[in-house]
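Heads up: take any position in the sequence shown, counting from 1, add 18, and you land on our numbering. Input: a single structure, listed below in structure tokens.
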Amino acid sequence: MADWLLLRLPRAADTDAEWLVCDKHGFASAGTQRGTLAEAAAQSAGHRIGVLVPSSDVLYTQIDLPPRAGARALQMARYALEEQLLGDLDAQHFAIARQGGNATRTAVAVVARTQMDEWLQTLQAAGIQPELLVAEGALLPVNPMQTLAWIDGDTLTLKPQRPLAEAATTSNAAAADALLCLPADSPEAALRMAFGDVASASVDLEVFATEADWQRYGTQYEALRPQLGNLRVQVFSSSALPWLALQVAAAAPLNLLQGEYEQRSAGSGFWPRWRVAALLSAVLLLLFAGDRAYTVWSLQRVETGIDAALLKLGEQALPGAKVSTTTLRRQVQQQLSDTAGRDAGTMMTAMQSLAKSLGGAGKLRAMSFRDGNIELQLRARDVQSVERVKQALRDDGLDAELVGGGSSAGVYEGRIQIKSAAAPRGRP
19 MADWLLLRLP RAADTDAEWL VCDKHGFASA GTQRGTLAEA AAQSAGHRIG
69 VLVPSSDVLY TQIDLPPRAG ARALQMARYA LEEQLLGDLD AQHFAIARQG
119 GNATRTAVAV VARTQMDEWL QTLQAAGIQP ELLVAEGALL PVNPMQTLAW
169 IDGDTLTLKP QRPLAEAATT SNAAAADALL CLPADSPEAA LRMAFGDVAS
219 ASVDLEVFAT EADWQRYGTQ YEALRPQLGN LRVQVFSSSA LPWLALQVAA
269 AAPLNLLQGE YEQRSAGSGF WPRWRVAALL SAVLLLLFAG DRAYTVWSLQ
319 RVETGIDAAL LKLGEQALPG AKVSTTTLRR QVQQQLSDTA GRDAGTMMTA
369 MQSLAKSLGG AGKLRAMSFR DGNIELQLRA RDVQSVERVK QALRDDGLDA
419 ELVGGGSSAG VYEGRIQIKS AAAPRGRP
């Protein structure tokens, strides 16, 4: 998995952005860098980008939702927070954490849509497309038995310890699990807003600050030590960003990029638009493939039937021969060639014998070739002349028979059939 580039947006137009590169566990691979958003964008290649926005611009709290509220969660969150929000609800963007198991407390973040648009337009202008957009206060460590206070410049972000916040009874006490963003120079007012009338001696306060911020406001917090149950201070050498980075993996912070602000890869927005057409195309492709497959199967069945019929005909036409569909054509052609050669030889022999035997005894009126046999139609003086022609043909090895004839006006017309299938008998 690619490393993260975590970026803190500038707090004012004349201030720099801060960023660092860390692994998936939040451990920084280099020190915190400062500069313009364009300079940060130049180092973002190959990294997942997470952007931290000021907690003062985001209402971060938790509400009770039934387990597996599903699609109703957003509407239920809007209804639950309606009294805490000013202005039109439709002008607010709601982000809801994923519910796990049977937990009913669900983190919700609310930010003005105009503010979301401004952040994203600024990032887009610098060539930055974040995967994570999160309020900085959401990255405070999770410790419900302590009150965590983070001094960042002029802002104090306070995360009250849950048991005391739930025990608060005054109307000015904050809701449990809420993040409070107040001026950093008023810690006593911040605690009073968080816990109301609950005795401050029960508060276990842990303060985080850079050296510069602690030197600036540390006196006010140290003055509260006698009133608190406990006070601990952790001072960073320069930037709080490496400390916040550790919570990216540990805290699974609530991502503001939800709903209409969810970041999608290039082209992914086209899928919903073309989904129906793509599905119809896939169905048509399957139908076409099925039709082609059925056609091929049908043709194969027809081919099998034709092959069987050809083999049967081949066995009848070529008795005794070994017949197959691959050699049947060649076998038939060979048989025809043999038959044609034999018939041609028979005809030549018949013509030679006829020329010798006719002499002046008669003449050939017609000759035909049918079913492999030659039929001669002769005109002679009498039947004996035709008989002599027949005998001459037989002497030359031809199977000749007188098959008909008759006399008319002193002339005899006879028909002689020569069967080409007969083997030449040779002259005695």
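Yeah, the Cβ is synthetic: ideal placement off N, Cα and C, and Gly gets one too. None of the values given here were measured: they were computed from a predicted structure.
I need the straight-line Cα distance from residue i to residue j, nearest angstrom please.
{"i": "V39", "j": "A48", "result": "6 Å"}
{"i": "P201", "j": "R116", "result": "31 Å"}
{"i": "V216", "j": "P205", "result": "15 Å"}
{"i": "R131", "j": "L151", "result": "14 Å"}
{"i": "L396", "j": "K437", "result": "17 Å"}
{"i": "R293", "j": "A300", "result": "11 Å"}
{"i": "N248", "j": "P159", "result": "18 Å"}
{"i": "R388", "j": "T345", "result": "28 Å"}
{"i": "A35", "j": "A219", "result": "39 Å"}
{"i": "Y430", "j": "A384", "result": "14 Å"}
{"i": "N161", "j": "W261", "result": "15 Å"}
{"i": "A410", "j": "L317", "result": "58 Å"}
{"i": "K381", "j": "G415", "result": "22 Å"}
Which of the three DSSP states, helix, strand or coil, is assigned to residue i?
{"i": "I324", "result": "helix"}
{"i": "I35", "result": "It is worth fixing the name first, because residue 35 is Ala in this sequence and not Ile. In this structure, A35 counts as strand in the three-state DSSP scheme."}
{"i": "V160", "result": "coil"}
{"i": "A284", "result": "Note that A284 has pLDDT 44, beneath the 50 cutoff, so the model's placement of it is unreliable and no number is given."}
{"i": "R412", "result": "helix"}
{"i": "S403", "result": "helix"}
{"i": "P201", "result": "strand"}
{"i": "D172", "result": "coil"}
{"i": "F306", "result": "helix"}
{"i": "T313", "result": "helix"}
{"i": "E393", "result": "strand"}
{"i": "A339", "result": "coil"}
{"i": "L297", "result": "helix"}
{"i": "G155", "result": "helix"}
{"i": "Q106", "result": "Before going further, note that residue 106 is Asp rather than Gln in the sequence given. In this structure, D106 counts as coil in the three-state DSSP scheme."}
{"i": "L27", "result": "coil"}
{"i": "P442", "result": "With a pLDDT of only 43 at P442, under 50, the local geometry of the prediction cannot be trusted, and no value is derived from it."}
{"i": "L166", "result": "strand"}
{"i": "K330", "result": "helix"}
{"i": "A127", "result": "strand"}
Can you tell me where the alpha helix (DSSP H) holding residue i begins and where it ends?
{"i": "V266", "result": "259-268"}
{"i": "G236", "result": "229-240"}
{"i": "K437", "result": "Looking at the DSSP string, K437 is not in any alpha helix (DSSP H); the run it does join, the beta strand (DSSP E), is 429-437."}
{"i": "E136", "result": "131-143"}
{"i": "A58", "result": "55-60"}
{"i": "Q93", "result": "91-98"}
So, residue i versus residue j, is the Cβ gap smaller than 8 Å?
{"i": "I114", "j": "A98", "result": "no"}
{"i": "T54", "j": "L259", "result": "no"}
{"i": "V401", "j": "G422", "result": "no"}
{"i": "G44", "j": "A268", "result": "yes"}
{"i": "A398", "j": "K408", "result": "no"}
{"i": "L23", "j": "H65", "result": "yes"}
{"i": "E405", "j": "Q435", "result": "no"}
{"i": "T79", "j": "A196", "result": "yes"}
{"i": "A58", "j": "L272", "result": "no"}
{"i": "L27", "j": "V71", "result": "yes"}
{"i": "L223", "j": "T165", "result": "yes"}
{"i": "C199", "j": "T237", "result": "no"}
{"i": "A212", "j": "P178", "result": "yes"}
{"i": "F112", "j": "R90", "result": "no"}
{"i": "G449", "j": "R52", "result": "Outside the shown range of the chain (19 to 446) lies residue 449, about which nothing can therefore be said."}
{"i": "Q142", "j": "Q281", "result": "no"}
In terms of residues, what are the limits of the beta strand (DSSP E) holding residue i?
{"i": "F112", "result": "110-114"}
{"i": "Y279", "result": "Run containing Y279: none; DSSP gives neither H nor E here."}
{"i": "Q80", "result": "77-82"}
For my contact list, residue i and residue j are in at a C-beta cut-off of 8 Å; report their separation, rounded to the angstrom.
{"i": "S73", "j": "E184", "result": "That pair is no contact at about 22 Å."}
{"i": "T228", "j": "V253", "result": "7 Å"}
{"i": "E136", "j": "G68", "result": "Between G68 and E136 the Cβ distance is about 18 Å, and since that is not below 8 Å, they are no contact."}
{"i": "A167", "j": "V225", "result": "5 Å"}
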